[in-house]
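Asker: Take this structure, written in structure tokens, and hold onto it; I'll ask about it next.
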Amino acid sequence: MRPQTPFHWLHPRDIAEARAAQGEMAAHLITTDDLPLNLACLGGADVSNTRFDPTKRVHAALVTLDATTDAALATATETRIADFPYVPGYLGFREVPSLVAAWSRLATKPDVMLVDGQGMAHPRGLGLACHLGLVLGVPTIGVAKSLLVGVGEPGPEPGDTAPLLWKGERIGTALRSRRGAKPLYVSVGHRVSLGTAVAIVLAATRGRRLAAPIRAAHDAANRARRAAALA
DNA sequence: GCGACAG
DNA sequence: ATCTTGTCGC
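Written out as structure tokens, the structure reads:
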């Protein structure tokens, strides 16, 4: 297994600095498989926001599920003030800090994490999943529910896929996880190949549109938000 | 200049 | 992302 040294970066003051940081980080991405032969557990990452919240708090959640039973093995959340606004293309700078905090308290670390957002299917090849994977030095897969860039329309049957193309480059795979539902957009995050990423996501889908780890993380993030709203 | 735009 | 009930379909 390769070195897992976390990638260090300075928090950007503005978009120009963030853009430069992304270029720097993108050069360190590993797009080949580097996973355990038998995946024992899958992780899920998501962040919940509160509409009209003047405090600008974000609620990050990480979950670790048994890869075969989907049983929850560990959950960790982090609520904090977002120090970077939501700007399409720079989501990592807003959500990664809180996810990293949650990661340090996640009792059981997953073999690979499915992240609610793009991986390399991004204008500069550095979506949230890549960003998080680099900072943590952990294998990640980007699983987005809608497109940021690129085009690709899979067939109607579950398991059908179509190359996600952008500017003549293949940046990911559009995956039909369920009939009649909008496709998922899978792309490499860090330390996994696209083929493996798609196989893992599809296997974690099981008839539902979203992969189990993503759903669990989404639920955990919402619970954290509702709990914080009371306090 | 105009439109698009993960969460 | 979030605000929200019922309702259509397997």
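This note's numbering puts the first residue of the first sequence at 5, with every later residue one more than the last.
A virtual CB, placed ideally from N, CA and C, is assigned to each residue, including glycine.
Because the structure is a prediction, the values reported are computed rather than measured.
1. Between TRP107 and CYS134, what straight-line distance do the alpha-carbon atoms span, to the nearest angstrom?
2. If you draw a straight line from the C-alpha of THR59 to the C-alpha of PHE88, how long is it?
3. Quick one: is THR72 buried, meaning 16 or more other Cβ sit within 10 Å of its Cβ, or exposed?
4. Which of the three DSSP states, helix, strand or coil, is assigned to VAL119?
5. Can you tell me the Cα-Cα spacing of VAL205 and PRO101, whole angstroms?
6. Would you kindly work out how many angstroms separate the C-alpha atoms of GLY96 and LEU132, rounded to a whole number?
7. Going by the beta-carbon positions, is the gap between THR136 and LEU110 smaller than 8 Å?
8. Can you tell me the Cα-Cα spacing of VAL66 and GLY159, whole angstroms?
9. With distance defined between alpha-carbon atoms, name the residue in GLN26, TRP170, ASP50 nearest to ALA228.
10. Among THR54, ALA80, ALA216, ARG212, which one has its Cα closest to the Cα of PRO187?
11. Is the beta carbon of SER197 less than 8 Å from the beta carbon of LEU168?
12. Classify ARG174 as helix, strand or coil using the three-state DSSP reduction.
13. Counting only the same chain and skipping the five closest in sequence on each side, list residues whose C-beta sits under 6 Å from that of ARG84.
14. Taking the beta carbon of ARG183 as the centre, do at least 16 other beta carbons fall within 10 Å, making it buried, or is it exposed?
15. Can you tell me where the alpha helix (DSSP H) holding THR209 begins and where it ends?
16. Taking the beta carbon of PRO92 as the centre, do at least 16 other beta carbons fall within 10 Å, making it buried, or is it exposed?
17. Nearest CA to the CA of ALA166: which residue from LEU179, GLU173, ILE175?
18. Looking only at its chain, what residues have a beta carbon closer than 6 Å to the beta carbon of ARG98, apart from the 5 residues adjacent to it on each side?
19. When you compare only the Cα positions, how much space is there between PRO162 and SER181?
Answerer: Well, looking at it:
1. Just so you know, the alpha carbons of TRP107 and CYS134 end up roughly 15 Å apart.
2. CA-to-CA, the gap between THR59 and PHE88 works out to about 13 Å.
3. Counting Cβ neighbours within 10 Å, THR72 comes out exposed, since fewer than 16 surround it.
4. Strand.
5. Going by the C-alpha atoms only, they are around 25 Å apart.
6. Near 5 Å, if we compare the C-alpha coordinates of LEU132 and GLY96.
7. The residue asked about is misnamed: residue 136 is Leu in this sequence, not Thr. Taking 8 Å as the cut-off, the Cβ atoms of LEU136 and LEU110 do not count as close.
8. The residue you asked about is not Val; residue 66 is Leu in the sequence shown. Spanning the two alpha carbons is a distance of roughly 31 Å.
9. Out of GLN26, TRP170, ASP50, ASP50 has the C-alpha closest to the C-alpha of ALA228.
10. Here the closest residue by C-alpha is ARG212.
11. Going by C-beta atoms, SER197 is not nearer than 8 Å to LEU168.
12. It is a strand residue.
13. The beta carbon of ARG84 lies closer than 6 Å to those of SER102 in the same chain, with the five residues before and after it left out.
14. Counting Cβ neighbours within 10 Å, ARG183 comes out exposed, since fewer than 16 surround it.
15. Premise fails: THR209 is in no alpha helix (DSSP H) and is neither H nor E.
16. It counts as exposed.
17. The residue with the shortest Cα to Cα distance from ALA166 is LEU179.
18. If we look at ARG98 and ignore the five residues flanking it on each side, its Cβ neighbours are ALA86, PHE88, TYR90.
19. About 5 Å.
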